[in-house]
Structures are given as structure tokens and as C-alpha cells.
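**Q** One structure coming up, written as C-alpha cells, with questions to follow.
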């Protein structure tokens, strides 16, 4: 939590954008700061290209300069080759280690400074403080703005380079004492101004880099959440659905299906062995154990069965109370499906001994196996459960019910696939079960295996859900990737280093204009509520301060008063910037402030240059013996002030780089024009004051103009690099937002999925963050209503002929019926009723199941009345389907009430179910009832009569395990007779294949 709090503080100060916050130079977390430093230097490597580009331009300038002498040209050629080599390395050395990059960067800086100093040493004429000053100012700015170095190191290099330059100038001067102190002061202040502008740019870049770092870190956190949510969704899907069905269902999750029929996920598989296994004697022990104890016993047992199903390549289909069934040979066909299925059954008989020992009761397993074709998939819209359907599935069920405890009962069809690997003996199940006799089956018991079980195709096996290894793994899963863990830092470092900004932007924006190709993205970029810093607007006043010594060198003239008025405009700009602070204003307002600052600075500079020309005497007095000093002795320094002005124009973030290029070109052109046409005589006189007439091959006015043009070109490249970085950061910010939206969508899908697998109150438990992975859910309820509703004539309707697509179209119809039944549960009056499951064409629901036990003052009987109303709604829904399909399906329903045990079997593969005598009796009420009627016990009748329900006594009915029970049929509600449909024809019409 402390880690999260510290990160929140960092995000808060970055979002505010106040100057005081921008001066923060480190994160409070040391590990986070170290990782940021490493990644920040890597992200700034692109600036080295801009720096080397400026160094190459300087080399070209020297080589083309008429004043350059042969030694200087030769050495400049060497520098040019070195800079080109460094640039080529920088283009291809992305994978080099950090210290290599740092070394290359330092080499590039020292080469550039060495170029300026070497030019001074090789100059045969007088060395002055203005020689190479323009390029020095540019390099000092680029040192901070582009090079991937720390601020402290940049400051040391800037200080050392400036001192080295001044010392060299003074040391090489033929008359050091004659260098005006004001000139040296001006050189120092201009150098300091260039460094200060660079530091401001560095601070802005640092702010962007820290924000990008936190956004990337946040993006990774979001990505990890997505991975966790995806894994959870996958786990929940695969808990009830095999992978081949889950893939299709996941694709459709959340998508709208504009079709006439509900989507059905069903496929047919041939040569599949089907195993049914039932716990004999389970009903007896279910009433002697508490809910938690019973669920724990079942969970342990079925976890062992799941482990065996993995070992023997079985696909678990469903758990029905105390019945477990699975298949082999689907969805992937395999020739040994029957052999593996027999080994599975034998192992289950051995596994039941665990329950025998735990409960000290004579429980046993009864296993039946049959081989044939199945239709496998999911029906309905709620409580998804994977199931198999076919005549052969029914026969496998009959094989189990007609078998014997402790034996594996197989059909002759299954025997034909065993290849003599088992010893068998006649079981005569066809004599005990009429359905087997009608199908022409002969049955056998497995005596023993004659061959060992072959090793599974994949050497994987589910560990016990209660095993220590699973618990340890669960603990690891719960801990997740801690933010300060080494694994998280490694992934974050990889994420930061793997991002290619150019590649990110290349597919979204124009190479030349950098505008996003999508107009909406471009508009959003300009409208983004980006944190504002007045640092980008402080460049103008900073230049004024740096150039203040110029005023000591000349008196005020008529244009200076205009300049003073412009200075007043500076105050307006600064006031607006300060008031703006971290508040969000329209982009036009921010751009207006930036343009006002640029305009005021440019006008002031040009007015001051014009003032220098006006106050200066064009011709010196004829009598020079009296001593004559020009009133504007150093007009060249206005061009160096102009270099800083160009730097200031390149800084504001609210003007595009092409706009900056235009503004810088205008200012540079204006300065060049003033230098040549207005200040030309004064610049020539400045040359003559130092050099003998005729010794200057390249007049100062042209040299300064060329310098301004090349520096403008360099700053355009830097401005493009800066805007490119901003746009890349914006794209990454959009990526974070998009990932957040994906996380929210994933959570919604995940929630919808688990609520489609488990009842709402159980789903809430499984979604709880406080729950441990191995925590089981179980609950006992005193009074619960249980409903079974079946379509007995669906069996006559179902056929596996080609006209019905081997039964698929019959199941499509059943899917429509079950889906309509599920839709009824969406009505608010049935909110207390939950669907438990479907068993073939039988629909099971319950009422009175809540998150807590019943209140002490007595059971809430109203839910039982609601359950009956729900049963009547099922009849209405089926009647509507009959009218639309010209069929006549009928329902046979049974309702009972009483105590039950509810729980989830499999903490990692949750399967919700209910158990108890109440459930068994409700099932018998349906199976022994009459078509079109609702049968209830006498105790249930007594509860429902006060709610206006009227019943007709049926008499005593034998119920397995309960003996003779007095039952009744529901016949009326509030004296209104019910349409029972009990004497209507039930022969259905076969469906048409839907294309």
C-alpha cells in the first residue's frame, strides 16, 4: 500500500504541471527512480541525432567559410568524419549497453567543443570573444535539450565548456587587457542564458519523460490486470466448457446476435465412449453430514475423479448431484477411447474407497459404459453447463442404473473396441433394463485388465485440489506481480526499452507534417488537457536578462521607447502564464500567449538592432586625434542574442514544428536583412576595429547571417524531434486509456460469464477478493422449494435421422425452449428463483436460496408460491412455442419443499448444485406425475393452499427411498381452473433443418 501511495503522489504532481512540481527531480521510491533514470536516458537517445546533425552543420560551415585556412579545413574534415561515424553508429546502436551510449554521447560533446576551441587555436588573426560564440550558445542549449545525460552532468559540462571557451579567448588574445569587461560579461550572460534555456527545456522534457514513465508503468499494470482477467475468464469458461466450445463462445461473448434463432453451440462426434458413474448410498450419508462437510467430501472425491480424467484423457461432462459422467474420443478422435474409458471406470471404483474410509459407510461406485455417437454442447442462456445428447447417451445412463455396485458395466458395442485387453463376464443387464433389450445390447462386467494401461498422450495430471503444490501455486497467483518485485521491474524495463517511438508514430502520422492521419485523433491531440508549464514562456524574459549588458554598450534611442512598450507586453504574457498555471484553458489561449511572447521578443530585438543603427554615426569625425568611440561598438552581439531568440521560438509546445519553423525563418530572415542592409556599415566598422583593412575574406555581416540560417535549420530539426516525442507520448497515453477500457470491458465480460455459470449470490462469493482459491462454498437451507419440469414427449420428438441433421435440429429446438424458460427468470417477480441446471429436456429450478440462513421467526413461504407461478409461466411459454412451431409439447412438473444442502464442487472448476431428500422427492414428483400437471407432496399442498392454490388428491405414490407418499395435483388458482393439457395428443412434429 505504501508503494501505491507513493506512486499516486508522483502521478498527482505530474498531473498538476506546476513549476514547483516540475522542479522535483526524483521519485520517492529509490528502485523506481533508478529504473526511471535508466529508461529516461534510453528514451532521450534520439536527441543525439539532432546534436550530431548540428555538429555536422558546423563542420560544413567551417569548410565552406572563405576565412578557413588549410590546417583548420583539414582538421575540420577529420571532425566531420568523426561526427558522421557517430551519427551512423547512433542510428544502428539501439541495442548497445547504457554505458556505451553514455560514452558515445560524451565523445560527441567533447568533439563539438574541441571543434570550436581548435578553430580559435588555428586562427592566424586576432581572436575575439565573438569567434564561434553563436555555435557555442547553440551547443550549450542542445547539451541540455537533446543529449541523453543527467542534468547534473549537463550542468558541469556546460560550466566547464563555457569557462574553457572564455579562458581560451582571453589566453589567445594578443591584448587580453584591452578586451572590454562588458564584452566578457555579455559573453558570460549569453552563455548562462543559453544554458538556462537548455535547463528549462530539460525540465520540460524531464516532466514529459517522467509522465511517460508512469504512463508506461501504469500501462504495464493494466496489461497485467488484463492478463489476470483473461486467465480468470479462461479458467471459468473451461470449468464448465471444453476448449473447443469455449473458443466459439468467447468470440460471441458480448456480441449481438441478430438472428431468428438463439445461437447454439453443438457438434456431433462419432465413436465416443460414454461413462456414467453414480455413488451408491450417497443419499443416506447426505443427511448425516453438515453442508460444509458434505461439500468437502464431494470436492475431494470429484477432484480425484478430475485427476483421473486427465490421466486417462477423458472429457468431464457434468456432475449431477452424486453422479459423474465423462466421455472419451471427443472432441479429438482416438482409437483407444474405449480402453481408456474402462481404465477410468476401474480407477473410480478404487477411488471411492476414500469416501468409505472418511465416512465409515458402505458407499460404492456403480459404473456404466456404452460407445456410440454424441451431440456435445451447451443449451440455454443461463447456468451454462456442457452436456452430451443422443440415444447412445441414454443407453450409457441405463448401463449405469442397471449395473452393480463396485463393478464396471459395459455394452457389447464398447466390448468391440477393447481388442481383448480386458477379461469380461456376462452381466445380463439387458434382462434388468428394457431399454437395453430394445436396443439389442448385450452387457458385460469387467473382471480385470489383461494389459497395463498405456501412458497418456500428454504427461500432465491435475494435482489434487487440496495438495500442497496447488496451495503454493494459488498463493503465488494471489500475490501476483508485486509492483516492487524484480519480475515486475524486469517486465517494465523490457516494456520501456522495446518501444520504438518512430515505429509507433509511423503508422499513425505523416512523416513530414507529423499530423495524425486520423482527423479525430489529431483534433483530440490538440484538445488534450495537457498539463501546462509557464517554463516554455519564460524564455523571452530570460533572453532579456541575458542580453541586458548590451544596454550598457549603447544609449537609448528613439526605437528603444518602442522596445520598452514591448517589455510591458512581457508582463502581460507572464501574468497570463502565471494565472494559467495548472488550469486547463483552450488551446487557442495557450497558443496566443506563446505567440505574444515570440512577437514581443522578436520586435524588441529588431527594434533594438534598428536603434543601434540610428544612434551610430555613420562616418567617424575627421579629427580622430581627439579619440573616437562608436556609440554602438558591438552590433554583432545582437545576432547572438538572436540565436537565443530562435531557441525561445523553438520551445513552446503549443505551436507545431512547422509553425515554429516559419516563425524562426521569419526572425532569421529579418535579422539577416537588418545585418546586411541596416547594420552592415556598423558590422564592417566592428571588423575594421579589430582586423586590418582587406584582411577579412568573409565579411562579418554575411558570416553572422549564415550562422543564423544554419542555426535555424538545426533548431527546426530539434523542434521536429520534440514534437515527435510529444505525439508519441500522446499515443501512449491513448493506449493507456484504451487498455483501461479493455480492462473495464473484460471485467464486465468476466462478471457476465460467472453470473451465467453460477447463481448471483454464489457468483458474488467467487468474485470476492477476500476469497482464497481453495475456499469452498457450502450452505444449508431450512426451507427451499425445488422444481423439476420435463418434456416427456421430447424423447419421441428426438430422432437422429438425416432429415434432422442427426438430431442437431431437434436440439436446436430444445435450445429455443430452454432459452425462453431462462428469459422468464429475467422478470423481477422471479428474482428469488434460480436455475440450477438442465438434465436433457428436464429443467430444474429452486426458490428460497439466499445468501444467508432463514430468519429465526420462521421460513419465508412466499417464495414457494412464486415458484409455482414460475412453473405456470413455463407452461405458458411452451404453449407459445407450440403455436409458433405447430407442435404440441407438454410439461410434467413436480415441486417439493424442505431442507437442502447447496454448494460448489471444485473451488477452481466451480460446479454449483443442491442435494438432499428434498431434491430427490421433487425429482420423483416429476417422474411419477401426470403429463400437463404439477404434482406436490401433502406437506407442500398445506403450505400452498393459503396462497389461493387448489389441489386434487391423487393418492399414495411409491417414492424410492421414501416409501408411500400422499401426493396432489394442482388444479386451480383462486377458483380458476388451470389448463392441464393432460388429455391432449402429445405426438410432436419433426423439425425442419434450419440453414
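In this note's numbering, the protein residues as written are 7 to 1001.
Note that beta-carbon positions come from the ideal geometry of N, C-alpha and C, so glycine has one too.
(1) Do residue 934 and residue 963 have their C-beta atoms closer together than 7 Å?
(2) Please report the residue range of the alpha helix (DSSP H) in which residue 418 lies.
(3) Name the two residues that bound the continuous beta strand (DSSP E) containing residue 332.
(4) Whole angstroms is fine: what's the gap from residue 229's alpha carbon to residue 745's?
(5) With DSSP collapsed to three states, give me the class of residue 487.
(6) With a threshold of 16 other CB atoms inside 10 Å of the CB of residue 70, please say whether the residue is buried or exposed.
(7) By alpha-carbon positions, which one of 68, 168, 173 ends up nearest to residue 125?
(8) Whole-angstrom Cβ separation of residue 685 and residue 615, contact assumed at under 8 Å?
(9) Can you tell which of 421, 182, 702 has its C-alpha closest to the C-alpha of residue 75?
(10) Residue 116: buried (16+ other C-beta within 10 angstroms of its C-beta) or exposed?
(11) Among 357, 604, 688, which residue has its Cα nearest to the Cα of residue 648?
(12) Hey, would you say residue 457 sits closer than 7 Å to residue 427, going by beta carbons?
(13) Classify residue 241: buried if its beta carbon has 16 or more other beta carbons within 10 angstroms, exposed otherwise.
(14) Is the beta carbon of residue 644 less than 7 Å from the beta carbon of residue 729?
(15) Could you check what DSSP says for residue 453 in three-state terms: helix, strand or coil?
(16) Can you check which of these residues, 529, 237, 838, 112, is closest to residue 155 by C-alpha distance?
(17) Using the beta-carbon count (16 or more within 10 Å), is residue 291 buried or exposed?
(18) What is the DSSP secondary structure of residue 895, counted as helix, strand or coil?
(19) Could you pull the DSSP bridge partners for residue 747 from this structure?
(20) Output yes if chain B places a C-beta closer than 7 Å to the C-beta of residue 931; else output no.
(21) So which of 660, 952, 390 has the shortest CA-CA distance to residue 533?
(22) DSSP three-state call for residue 301: helix, strand or coil?
(23) Can you name, in chain order, every residue of its own chain whose Cβ lies under 6 Å from the Cβ of residue 981, other than the five neighbours on each side?
(24) Expressed to the nearest angstrom, what Euclidean distance is found between the alpha-carbon atoms of residue 1080 and residue 766?
(25) Tell me whether the region 719–738 and the region 519–532 touch, counting them as touching only if at least three CB pairs, one residue from each stretch, are closer than 8 Å.
(26) What does residue 644 pair with, by DSSP beta-bridge criteria?
(27) Give me the residue from 253, 79, 51, 741 with the minimum Cα distance to residue 107.
(28) Check residue 320 in the structure and name its three-state DSSP category.
(29) For residue 717 and residue 187, what's the separation of their Cα atoms in angstroms?
(30) Look up residue 843 in the DSSP assignment and say whether it is helix, strand or coil.
(31) In or out: residue 804 buried (at least 16 other Cβ within 10 Å) or exposed?
(32) Would you call the region 157–169 and the region 129–139 in contact, with 3 or more CB pairs under 8 Å?
(33) Suppose contacts are defined by Cβ-Cβ distances below 7 Å. Is residue 932 in contact with residue 794 by that definition?
(34) Just tell me which of 975, 327, 973 has its CA closest to the CA of residue 850.
(35) Do residue 971 and residue 965 have their beta-carbon atoms positioned less than 7 Å apart in this structure?
(36) Could you tell me which residues DSSP pairs with residue 274 in its beta bridges?
**A** Quick answer:
(1) yes
(2) 418–421
(3) 329–334
(4) 7 Å
(5) Per-residue confidence for residue 487 stands at a pLDDT of 45, beneath the threshold of 50, marking its modelled position as unreliable; the derived number appears in the next sentence. Of the three classes helix, strand and coil, the one that applies to residue 487 here is coil, per DSSP.
(6) exposed
(7) 68
(8) 6 Å
(9) 702
(10) exposed
(11) 604
(12) yes
(13) exposed
(14) no
(15) strand
(16) 112
(17) buried
(18) coil
(19) Beta-bridge pairing links residue 747 to no other residue.
(20) Protein chains in the displayed structure number just one, and chain B is not present.
(21) 660
(22) helix
(23) none
(24) Since the displayed the chain opens at 7 and closes at 1001, residue 1080 lies outside it and no answer follows.
(25) yes
(26) DSSP output for residue 644 lists no bridge partner at all.
(27) 51
(28) coil
(29) 27 Å
(30) strand
(31) buried
(32) no
(33) yes
(34) 327
(35) yes
(36) 381
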